[in-house]
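Each remark here refers to the structure printed beneath this line.
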Amino acid sequence: MAITPPHELTLRCYGVGFGDCFLLTFHYKGTTGDRHMLIDFGCTQKPPKAGTNLMNAIAKDITTVVGSKLHAVVATHRHTDHISGFATNTKGDAPGDVIGALNPDLVIQPWTEKLSAPIDSKGPKKGLSLAANDALRIALQRMQDVAAMSLREAEHLPKLLGSEVKFISADFVGEKGVKNLSAVKQLAKMGKKGKAAYVQYGSKVPLLKTLFPGVTFDVLGPPTIAQKKDVADQNPRNADEYWHFARFWGVSASTARMATALDGKLFPGAAVYKRGGFPVQARWFASRLRTGRGQHLLRIVRAMDDAMNNTSVILLITAGTKKLLFPGDAQWENWEHALTHNLKDLEDVDVYKVGHHGSLNATPKTLWNNFKKKSKKKTTANRLTTVMSTVTDSKHGDPEHDSEVPREKLVTALRSFSTLRTTQELEADGDLVMKITFDLTKA
Amino acid sequence: MTIQPSRPLTILGQDPSLRHPDGKIVTAQILVPNEQLSAGPHGYRVQVIDYDSSLHQMYVPLEPASMGTIDDPVDPFANGPSDPDAFNARLLYDPRFHAQNVYAIVMRTLAHFERALGRRVSWEFGGHQLKVAPHAFAEANAYYSPKDEGLLFGYFAGQGVGKRAGKETTVFNCLSHDIVAHETAHALLGGLRPRYMEPSTPDQAAFHEGFADIVALLSVFSIPTVVEYAVRTALANTKAAAKGKAGMMSLAHLTVGALKRGILLGLGEQFGEELSGIHGSSLRRSVELEPSPTLLNEDEYREEHRRGEVLVAALLQGFLSALTMRLSTLGRDSGNQLPETRVVEEGADIAERMLTMAIRALDYMPTTDIEFGDYVCALVTSDIEIRPDDSRYEMRASILAAFSSFGIEPTSSFKGVKGLWKPPVAQAPVSGRKTKKAKTSPPLNYSFVHREALQRDRDEVFRFLWDNRVALGLCEQAYTEVCNVLPCLRVDQDGFTLRETVADYIQILTVRAYELPNLEIPGSARGITLPEGLSSRAVVRLLGGGALLFDEFGKLKYHIRNNVLEPKRQGRRLKHLVESGFFDQPRFGAERYARLHLKGMRPDQPAFRKEPSTWR
Chain A
6 MAITPPHELT LRCYGVGFGD CFLLTFHYKG TTGDRHMLID FGCTQKPPKA GTNLMNAIAK
66 DITTVVGSKL HAVVATHRHT DHISGFATNT KGDAPGDVIG ALNPDLVIQP WTEKLSAPID
126 SKGPKKGLSL AANDALRIAL QRMQDVAAMS LREAEHLPKL LGSEVKFISA DFVGEKGVKN
186 LSAVKQLAKM GKKGKAAYVQ YGSKVPLLKT LFPGVTFDVL GPPTIAQKKD VADQNPRNAD
246 EYWHFARFWG VSASTARMAT ALDGKLFPGA AVYKRGGFPV QARWFASRLR TGRGQHLLRI
306 VRAMDDAMNN TSVILLITAG TKKLLFPGDA QWENWEHALT HNLKDLEDVD VYKVGHHGSL
366 NATPKTLWNN FKKKSKKKTT ANRLTTVMST VTDSKHGDPE HDSEVPREKL VTALRSFSTL
426 RTTQELEADG DLVMKITFDL TKA
Chain B
5 MTIQPSRPLT ILGQDPSLRH PDGKIVTAQI LVPNEQLSAG PHGYRVQVID YDSSLHQMYV
65 PLEPASMGTI DDPVDPFANG PSDPDAFNAR LLYDPRFHAQ NVYAIVMRTL AHFERALGRR
125 VSWEFGGHQL KVAPHAFAEA NAYYSPKDEG LLFGYFAGQG VGKRAGKETT VFNCLSHDIV
185 AHETAHALLG GLRPRYMEPS TPDQAAFHEG FADIVALLSV FSIPTVVEYA VRTALANTKA
245 AAKGKAGMMS LAHLTVGALK RGILLGLGEQ FGEELSGIHG SSLRRSVELE PSPTLLNEDE
305 YREEHRRGEV LVAALLQGFL SALTMRLSTL GRDSGNQLPE TRVVEEGADI AERMLTMAIR
365 ALDYMPTTDI EFGDYVCALV TSDIEIRPDD SRYEMRASIL AAFSSFGIEP TSSFKGVKGL
425 WKPPVAQAPV SGRKTKKAKT SPPLNYSFVH REALQRDRDE VFRFLWDNRV ALGLCEQAYT
485 EVCNVLPCLR VDQDGFTLRE TVADYIQILT VRAYELPNLE IPGSARGITL PEGLSSRAVV
545 RLLGGGALLF DEFGKLKYHI RNNVLEPKRQ GRRLKHLVES GFFDQPRFGA ERYARLHLKG
605 MRPDQPAFRK EPSTWR
């Protein structure tokens, strides 16, 4: 007997603060029952009234909703604010243990996470090729070491600079600098138990049809570098530039590991001044160097942040009469391929999960301008719904430099032209989750 | 009490990878201007502050007493243990030697600039003492920071070279002679020509890097122990060495190609081998670059780093040609061989002379929007002024030929002398509105200025400029400022002296883009073409300016300039700025040097193209 497509979708947006956690429940009639997909589960800055066990509380709620079975998990990319909830502990009662016990049948991650893939480190070849894919993969791995070093150096940077460097570095390696290993391992373990799919633009995951009958999942990102070569106006130097990119992170990672191993003793036995006791004539310069180092590290960690964000899985979900777009934290370098090839498919999106917690770079203007269901009139039927998972007064960026997240300019546009739902609404009462229901049968 | 004019200090010849056969690092003892040093070393022009911003640590320097007095200067690192490992360890793992190394190389480079230019040379930032941090951060980078008034050198994990390949080591940029000289050159060029970092022509963008590399390379080659090492390496690699007499070199091994392969490439392998992809590989690429007159038109060489490599390659070619020509004139034995020591001497001497030429030429350059051809003219003209007879070294001929082989022709010639700037009275056009034909300029008017004041006073020079604005082709509407007036006493290596006064000025004209085509330009029938892609409402800043060279009698010898209203040049510049996206983004400032020095390495994932529309 043919399975009818789902008639309704419940979207649960969990109040993780600065992070993402979305549970999609597709409601089927008859014996099919409900099918559940969890997209991301992570946090780097809790909401103001959140208790200490926020993530456990969320994991528990997810269990309450799904019962004993979570059908699929999507970890859009490896940032802490998207995967920290998958971490486990020895007691087996961490949020990641709770999710693991739900035995997801499928775990989807970007192709850059497939660590067992062969890596060609022999240098650039003529033109764009698989070697450039490997360059990106290598570079992303190496960023972890640099993030750990940045976290350490942030301790003695000027306060504001140090705080932001720390915040962004923690997105790579967690607050304790341990590279989110536990979460990464749990995702791999869950994938092994069920099935792991490492996706790129255009990937087809047959199991999704089985798990979510009548729902179409289009993977619109991330593209491989080789896939990008068909984009117009391609810069012929890009292949070399990927290797320069990999080389930078290679040298930086080795240096970061060296700095860790040295443990402050670059010259064992050399006399040093006590901190706070630098000679008067040297203090101005030392202070300048400290600030300069902080600014430079901030640029580095932001570059890392962008690179990792651009590995985000972009999912376009078509369920009945509704289209939902979940792009993780993808930015232009990731979006460009999809916006070149799939602009028409994105026109009639009904629900847009705002990229990167409301940063400007993660909602390309091209994408925004293309949404046909935007409307200034709040009462317009089928008006675009935008969903943003973020926190008020985030530590990411600052208004003085027009880099705050969420970005006011974007939020204004979202409020004016769509029905914006943001997890900031949960902050006032300290609520855990925001539920939105969509009728998938109405046009 | 006899105050010594200079003090000897030990430095590394090139970097720790350059080793003698016994394994000892190649060092050299150089002479720098003497002074009573404070702890740092901390002197009248350089202050070494060994602060590490990654570890938040500052190292205690050597006590001043260990450096002696001005009567009896001491080189604390002069003699090392005889055991090679102990010898090397003392240099590699004592931060106080690193401090001495950077101090000495900076001072040596500064001294070279001051000797070549015949006057004191100020730092760009207005202060007197350049701060130097030998271990500024844990990163494979080194740069000059004008806003921090200093040179910053990083350290990083390297993979070892040669016999030490594969063994991870700590690499200190402050121990690379060429890197220290390179960064010092940026600091000095920034002071001499601050407008060269303005967005302008592709050649200007490349010039800072290219020039700094030239200073670095020639600074290293002017050290006899380094040249000796390179010559021995070249000799050891030739079959004929086995047949020839000990200590002799066959003339056959002294062609341009042979020297390039043997000496320069041999050293080139050492040049930042650890830094390949950061700094060293660009030097190696310069050495390996084959002359081609169309190179600069290729897309690859439009990028500023690659373009700078062509400038270096051309000058290196000139250096090698001059060296081979010189060596061919020397007495040889019956086997057509020369003593190795003589080759070393001549090599170091010619490197020193060419470095002096390269530096002195800066005074003969326009102050804005330069092209490589301007530098060729500056090299030739400045050299003719102090050394009219080139027959002994033929350096000017070598340089002209070398640059021409890379497609770089001099901007000017005068009375059959290629590369000679024209004297001021022979310059174009001054009269008529929108006419194509140039008219002869009127003679210069000195009636209202005083010769003595012209040698030192900015306002006096401005008076001279203003009185002669028509004759000198200045734009009255532009903001005009005389930046410096500097008397010089230049002394050639052979003792010839030349007194001149160098003054430089700039002109700035700010207009809306739509006004460009209608600008009234003397001697031109049209204004400046509005480049495609430039909004008509964009604010455009046109720059011009020049160098004025007065002889010892206060007479203007040269007016070397770029006219703020020169339509073709300004049109090219604006087109380049539009294409490079300058009008779409905020100007980069002090960070620019730091960005330059990643040299192709980049932390940002390459974007294939920009988003066509952006949030405003």
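Protein sequences, first through last, are from chains A and B. Under my numbering, the first residue of the first sequence is numbered 6, with each subsequent residue one higher. Under my numbering, the first residue of the second sequence is numbered 5, with each subsequent residue one higher. We treat Cβ as the ideally placed atom computed from N, Cα and C, and that holds for glycine. As the structure is a computational prediction, the values presented were derived from the model and not from experiment.
>> If you reduce the DSSP assignment to three classes, tell me which class V416/A lands in.
In response: helix
>> Using a Cβ-based criterion (distance less than 8 Å to any ligand heavy atom), does L13/B qualify as near the ligand ATP?
In response: This structure lacks the ligand ATP, and indeed carries no ligand of any kind.
> Could you give the C-beta distance for V543/B and L520/B, rounded to a whole number, given that I count them as a contact under 8 Å?
Replying inline: That pair is no contact at about 11 Å.
>> Along the chain, where does the alpha helix (DSSP H) containing C381/B start, and where does it finish?
In response: 376-390
>> Please return the same chain residues whose Cβ sits closer than 7 Å to the Cβ of P150/B, not counting the five positions on each side in sequence.
In response: E128, F129, G194, A594
> Whose CA, out of F23/A, S421/A, L186/A, C18/A, lies closest to the CA of D436/A?
Replying inline: C18/A
>> Please return the same chain residues whose Cβ sits closer than 6 Å to the Cβ of F250/A, not counting the five positions on each side in sequence.
In response: A144
> Closest Cβ-Cβ distance between W254/A and chain B: below 9 Å?
Replying inline: yes
>> With a threshold of 8 Å on Cβ separation, who are the neighbours of S617/B within its own chain once the five nearest residues in sequence on each side are excluded?
In response: none
> For P211/A versus P115/A, is the C-beta spacing smaller than 9 Å?
Replying inline: no
> At least one CB of chain B closer than 9 Å to the CB of Y278/A: is that the case?
Replying inline: yes
> Just by C-beta distance, which residues in the segment 112-144 of chain B are closer than 9 Å to chain A?
Replying inline: K135, A137, H139, A140, F141, A142, E143, A144
> Does the segment 409-416 of chain A come close enough to the segment 187-203 of chain A to have 3 or more Cβ pairs within less than 8 Å?
Replying inline: no
> Where do the ends of the beta strand (DSSP E) carrying K194/A lie?
Replying inline: Premise fails: K194/A lies in the alpha helix (DSSP H), 186-198, not in any beta strand (DSSP E).
> Going straight from the alpha carbon of R124/B to that of D334/A, what length do you get?
Replying inline: 55 Å
> If you pair each beta-carbon of the segment 555-564 of chain B with each one of the segment 523-535 of chain B, do three or more pairs fall below 8 Å?
Replying inline: no
>> In whole angstroms, give me the CA-to-CA distance for A326/B and A256/B.
In response: 16 Å
> Got a sec, what are the start and stop residues for the alpha helix (DSSP H) T328/B sits in?
Replying inline: 308-332
> So which of K349/A, A231/A, K328/A has the shortest CA-CA distance to R142/A?
Replying inline: A231/A
>> Run through chain B and tell me which residues come within less than 8 Å of L365/A, C-beta to C-beta.
In response: W619
>> With DSSP as the reference, identify every bridge partner of H32/A, one or two as the case may be.
In response: E13/A, D39/A
> What in chain B is Cβ-close to D311/A, meaning under 8 Å?
Replying inline: D608, Q609
>> Does Q609/B come out as helix, strand or coil in the three-state DSSP assignment?
In response: coil
> With a cut-off of 9 Å, does the C-beta of T371/A fall near any C-beta of chain B?
Replying inline: yes
> Which chain A residues are close to G154/B, counting only those with a beta carbon under 9 Å from its beta carbon?
Replying inline: F290, R293, L294
>> Please state the DSSP three-state secondary structure of E413/B.
In response: coil
> Can you name, in chain order, every residue of its own chain whose Cβ lies under 7 Å from the Cβ of T368/A, other than the five neighbours on each side?
Replying inline: V359, G360, L415
> If you draw a straight line from the alpha carbon of M309/A to that of Q146/A, how long is it in whole angstroms?
Replying inline: 11 Å
> If you follow the alpha helix (DSSP H) that K65/A is part of, which residue opens it and which one closes it?
Replying inline: 59-71
>> Which runs of the alpha helix (DSSP H) at least 4 residues long sit entirely within the segment 153-179 of chain A? Give them in chain order.
In response: 164-178
>> By alpha-carbon positions, which one of P10/A, L348/A, V78/A ends up nearest to W4/A?
In response: Limits of chain A in this structure are 6 at one end and 448 at the other, which puts residue 4/A out of reach.
>> Using a 10 Å radius around the Cβ and a threshold of 16 neighbouring Cβ atoms, would you call K440/B buried or exposed?
In response: Confidence at K440/B is low in this model, with a pLDDT of 48, below 50, so its placement is unreliable and no value can be given for it.
>> Let me make sure I understand the geometry here. Which of N366/A, S174/A, S155/A, L431/A has the alpha-carbon closest to that of T85/A?
In response: S174/A
> Which of helix, strand or coil does DSSP assign to K579/B?
Replying inline: helix
> Quick one: Cα of M329/B to Cα of I183/B, how far?
Replying inline: 29 Å
>> Among the candidates T390/A, H362/A, P52/A, N339/A, whose CA atom is the shortest distance from the CA of D25/A?
In response: H362/A
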